[in-house]
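Colleague: Submitted below is the structure of interest, expressed as structure tokens.
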């Protein structure tokens with residue numbers, strides 16, 4: 051019934067093999083992130099250099115991607131991360147994933163390294179490795195437009211100049227601003243001499259119960275559109291979060307030396323720069339801003355990180371920096387975090403002009419802009435910045451104390467996690483490092499959680515204080531699991547239960563959506579188990595690369611420096627409390643006290659996968 | 019008489035309309051196999067729903083040598099039994115409103131008065147409304163607007 055294939059491309063040997071993914075495997079991991087993580091665990095030997103031909107790069111669409119199901123636009127790009135040396139994975143929207151499926155494929159696994167710049171052309175059941183020389187050196191928009199000029203109405207996932215130059219936080223991009231942003235997967239493309247994966251197809255996705263799908267989606271759409279948050283996201287998008295965090299005093303400011311910033315970045319100001327709100331494929335939320343400065347965005351992350359964290363107040367400047375990162379193919383979260391870190395190190399005298407070539411200071415738009423260009427080309431000081439968190443080794447122990455990162459991954463969320471304790475546990479344990487999109491337990495800050503939802507997740511009689519440590523392992527555990535499932539279905543987190551709302555797509559809805567699409571009967575518990583299984587396999591990958599309890603920690607500043615401003619003033623993470631919270635989390639996961647997946651579980655999973 | 023009216027300024031490009039159309043007509047999710055398509059280019063910054071305008075004097079009908087087209091209650095209908103699949107209608111339609119893909123010719127029939135595209139549009143970019151003078155003016159404007167975009 052489900053007619054999409056798996057393409058395995060060996061760039062070194064120029065060999066292409068087309069296979070069918072067994073249904074039994076899909077039932078265990080669904081697709082998208084889940085199946086990608088399974089293949090990474092299976093195919094990558096420990097200690098492989100992420101920028102060597104031995105790394106495996108996967109483009110995997112979700113189980114429901116490209117269908118009528120709302121917001122089913124998504125795919126995951128996965129490989130061992132050159133930024134962190136552990137599991138690398140990033141989820142992305144746009145139109146590429148749906149097109150890849152219409153071209154006949156669920157997933158592409160890319161091995162080896164092409165001798166010369168190349169791209170993959172995928173169309174109606176075929177994959178070709180093509181000469182990409184003339185596209186090498188192009189910015190992300192230019193290459194996509196050139197591909198369309200040459201090949202017609204294609205969709206492409208590309209790397210920018212940053213990826214070509216192996217910047218360790220280069221992203222994969224599709225469209226104007228959709229990015230598989232995190233973990234430096236654009237650099238993995240660059241290391242394989244792969245400029246783009248291009249898809250074009252006319253093959254539809256046959257579904258098991260078309261009428262049921264029409265009916266179920268009609269109900270789901272009505273349910274989602276009836277929520278206030280949907281219309282707010284559709285009119286102002288994520289910038290609405292800036293004011294919320296800023297009022298609390300939880301906006302990372304100047305490398306987290308401060309925790310609040312200017313109102314000039316509030317959503318009502320951003321709105322004046324918006325020309326139109328647009329969508330990804332199948333999306334009913336339409337949270338993408340087409341801005342008047344020639345690009346798309348900014349998201350909350352760009353506002354917080356390219357604004358507050360770099361000390362920039364001018365909204366137009368923030369949007370310009372956002373557009374530049376997108377053109378160069380740089381991950382905004384890492385770019386900002388690394389730059390802010392370097393500026394503070396310079397201010398503190400830990401690094402000097404000999405390294406930086408010029409004075410570094412917060413709030414200097416021209417400086418930041420030039421540094422972004424230098425990073426993407428690895429010119430001068432840019433070559434050092436391009437090494438991301440690895441600079442902690444270059445600049446010594448003291449420098450590491452000011453780095454806002456976990457497991458070598460700079461923190462993505464502009465939210466300062468010292469106040470909301472579950473956010474802190476979330477970024478400490480996320481499988482790709484300091485990232486909020488693995489588990490962001492927004493449940494902690496919803497004003498009205500239905501009692502039954504609350505009791506189901508936290509148990510009875512638990513206080514909902516976001517600053518307490520009580521039962522926070524439960525909200526992280528719940529969120530981490532369900533977001534792993536939605537990532538594997540290829541549906542956007544924005545309409546997942548617990549992300550933007552305590553309603554929306556929960557396991558019950560997922561069950562219905564899978565049934566109308568594939569005819570498969572899942573129980574709610576089966577889906578919960580998929581989430582747990584994905585998190586375990588990702589942890590097994592990381593355990594194998596040397597990750598254990600020691601690395602499930604936070605930036606030193608979050609423990610030792612109380613927040614200086616506003617409601618959050620005085621808050622920090624208590625080491626002892628955090629430590630016992632972490633133990634409780636491991637217990638809930640069934641991991642041992644050192645954060646290792648237990649041997650019994652490894653055996654059980656490996657047996658199921660054999 | 020009710021017709022489809024398009025409001026491109028509200029169209030976000032998501033293609034739920036096309037996917038619903040293909041699912042309803044063919045049981046598959048395929049925005050390219052639908053009677054409605056979205057002309058979109060995020061780099062050149064436009065989204066435009068391409069629909070059949072149900073012309074009063076339709077080219078598809080006029081030039082069909084099999085007389086496969088007829089107008090029924092204001093809706094231009096293709097009779098599959100008469101059609102021999104020559105695709106002349108698709109080639110001649112100035113609004114690209116007749117879709118051809120693989121062996122199919124797809125022409126909007128307004129789903130017998132319950133157009134699926136409108137039902138699954140979440141922004142009001144597609145509306146199914148009783149014709150008025152003002153709306154007719156809009157329909158004409160949209161045809162001109164399309165011809166402009168198509169030249170790009």
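Chains as they are written, first to last, in our numbering: chain A, 51 to 660; chain B, 19 to 170. Note that CB positions come from ideal geometry on N, CA and C, so glycine has one too. All values derive from a computational prediction rather than experimental measurement.
Within 8 angstroms, do at least three Cβ pairs link the region 473 to 488 of chain A to the region 234 to 243 of chain A?
Modeller: No, they do not touch.
Colleague: Kindly list the residues whose CB is nearer than 8 angstroms to the CB of residue 364 of chain A, restricted to its own chain and excluding five residues on each side of it in sequence; keep chain order.
Modeller: Closer than 8 angstroms at the Cβ level, and outside the excluded window around residue 364 of chain A, lie 314, 415.
Colleague: For residue 51 of chain A, does the three-state DSSP call read helix, strand or coil?
Modeller: Here residue 51 of chain A scores only 42 on pLDDT, less than 50, and its place in the model is too uncertain to base an answer on.
Colleague: What are the start and end residues of the alpha helix (DSSP H) that includes residue 156 of chain B?
Modeller: Residues 151 to 169.
Colleague: Can you list, in chain order, the residues of its chain whose CB lies under 6 angstroms from that of residue 589 of chain A, leaving out five sequence neighbours each side?
Modeller: Excluding residues within five positions, the ones whose Cβ falls inside 6 angstroms are 647.
Colleague: Could you please give the first and the last residue of the uninterrupted alpha helix (DSSP H) stretch that includes residue 77 of chain B?
Modeller: Where residue 77 of chain B is concerned, the enclosing alpha helix (DSSP H) stretches over 77 to 81.
Colleague: Whose Cβ in chain A lies nearer than 7 angstroms to the Cβ of residue 140 of chain B?
Modeller: Those within 7 angstroms of residue 140 of chain B in chain A are 271, 275, 334.
Colleague: Against residue 340 of chain A, what residues of chain B qualify as contacts under a CB-to-CB distance less than 7 angstroms, listed in chain order?
Modeller: Going along chain B in sequence order, the residues near residue 340 of chain A (Cβ under 7 angstroms) are 63.
Colleague: Judging by CA-CA distance, which residue of A:159, A:371, A:345, A:346 is the nearest neighbour of residue 355 of chain A?
Modeller: Ranking the options by Cα distance to residue 355 of chain A, first place goes to A:371.
Colleague: Take residue 334 of chain A as the anchor and find which of B:37, B:162, B:163 has the nearest alpha-carbon.
Modeller: The residue with the shortest Cα to Cα distance from residue 334 of chain A is B:37.
Colleague: List, in order along the chain, the chain B residues whose C-beta lies closer than 9 angstroms to that of residue 210 of chain A?
Modeller: Simply none; closest approach about 15 angstroms.
Colleague: Near residue 552 of chain A, which residues of its chain fall below 7 angstroms by C-beta distance, leaving aside the five closest residues on each side in sequence?
Modeller: Counting only Cβ-Cβ distances below 7 angstroms, and skipping sequence neighbours, we find 493, 496, 499, 500, 503.
Colleague: For residue 340 of chain A, which three-state DSSP category applies?
Modeller: Residue 340 of chain A: strand per DSSP, three-state reduction.
Colleague: Based on Cα-Cα distance, which residue from A:558, A:585, A:555, A:574 lies nearest to residue 526 of chain A?
Modeller: Ranking A:558, A:585, A:555, A:574 by Cα distance to residue 526 of chain A puts A:585 first.
Colleague: So residue 264 of chain A contacts chain B; which residues on that side make the cut at Cβ distance below 9 angstroms?
Modeller: Within 9 angstroms Cβ-Cβ: 38, 41, 42, 134, 137, 138.
Colleague: How would you label residue 147 of chain B, buried or exposed, when you count the other beta carbons within 10 angstroms and need 16 or more for buried?
Modeller: By the 10 Å Cβ count, residue 147 of chain B comes out exposed.
Colleague: Among A:219, A:243, A:224, A:276, which one has its Cα closest to the Cα of residue 232 of chain A?
Modeller: With distances taken between Cα atoms, residue 232 of chain A lies closest to A:219.
Colleague: From A:620, A:538, A:546, pick the residue whose C-alpha is nearest to that of residue 111 of chain A; which is it?
Modeller: Residue A:538 is the option with its Cα nearest to residue 111 of chain A.
Colleague: Return the CA-CA distance between residue 228 of chain A and residue 217 of chain A, expressed in angstroms with no decimal places.
Modeller: Computed Cα separation, rounded: 19 angstroms.
Colleague: Quick one: which unbroken alpha helix (DSSP H) runs of 4-plus residues sit fully inside the region 224 to 259 of chain A? Chain order, please.
Modeller: Taking only runs of at least 4 residues, the alpha helix (DSSP H) segments lying wholly in the region 224 to 259 of chain A are 235 to 241.
Colleague: Under three-state DSSP, which class holds residue 432 of chain A?
Modeller: Helix at residue 432 of chain A.
Colleague: If you draw a straight line from the C-alpha of residue 9 of chain A to the C-alpha of residue 412 of chain A, how long is it?
Modeller: A query on residue 9 of chain A cannot be resolved here, the shown segment of chain A reaching from 51 to 660 and no further.
Colleague: Within its chain, find whatever has a CB closer than 6 angstroms to the CB of residue 66 of chain A; leave out the 5 residues flanking it on each side and keep chain order.
Modeller: Cβ neighbours of residue 66 of chain A beyond the five flanking positions: 59, 177.
Colleague: Express the C-alpha separation of residue 202 of chain A and residue 193 of chain A in angstroms, rounding to a whole number.
Modeller: Going from the Cα of residue 193 of chain A to the Cα of residue 202 of chain A covers about 13 angstroms.
Colleague: Which of helix, strand or coil does DSSP assign to residue 169 of chain A?
Modeller: Strand.
Colleague: I'd like to know if residue 646 of chain A contacts chain B, where contact means its C-beta is closer than 9 angstroms to some C-beta of that chain.
Modeller: Taking Cβ atoms only, chain B never reaches closer than 9 angstroms to residue 646 of chain A, which makes this a no.
Colleague: Relative to chain A, which residues along the region 85 to 112 of chain B have a C-beta separation below 9 angstroms, given in chain order?
Modeller: Flagged: no residues at all.
Colleague: What's the gap between the Cα of residue 457 of chain A and the Cα of residue 105 of chain B?
Modeller: Straight-line Cα distance between these residues: approximately 59 angstroms.
Colleague: Under 6 angstroms Cβ to Cβ from residue 607 of chain A, same chain only, skipping five residues before and after it: list those, please.
Modeller: Excluding positions up to five away in sequence, the list reads 306.
Colleague: Where does the unbroken alpha helix (DSSP H) through residue 281 of chain A begin, and where does it stop?
Modeller: Looking at the DSSP string, the run of the alpha helix (DSSP H) that includes residue 281 of chain A is 278 to 285.
Colleague: So, do the region 62 to 75 of chain B and the region 20 to 28 of chain B have three or more beta carbon pairs nearer to each other than 8 angstroms?
Modeller: Enough Cβ pairs lie closer than 8 angstroms, so yes.
Colleague: Could you tell me the alpha carbon to alpha carbon distance between residue 510 of chain A and residue 230 of chain A, rounded to whole angstroms?
Modeller: Looking at the two C-alpha atoms, the distance is approximately 39 angstroms.
Colleague: Once you ignore the five residues that flank residue 51 of chain A on each side, which residues in its own chain have a CB closer than 6 angstroms to its CB?
Modeller: The pLDDT assigned to residue 51 of chain A is 42, lower than 50, so where the model puts this residue is not dependable, and the model offers no usable value.
Colleague: So that I know if they touch, is there some Cβ in chain A lying closer than 9 angstroms to that of residue 50 of chain B?
Modeller: At least one chain A Cβ lies under 9 angstroms of residue 50 of chain B.
Colleague: Report the residues of the region 112 to 132 of chain B with a CB closer than 9 angstroms to any CB of chain A, ordered along the chain.
Modeller: Listed in sequence order: 119, 120.
Colleague: Taking residue 209 of chain A as the reference, which of A:195, A:198, A:188, A:200 has the closest Cα?
Modeller: Ranking A:195, A:198, A:188, A:200 by Cα distance to residue 209 of chain A puts A:188 first.
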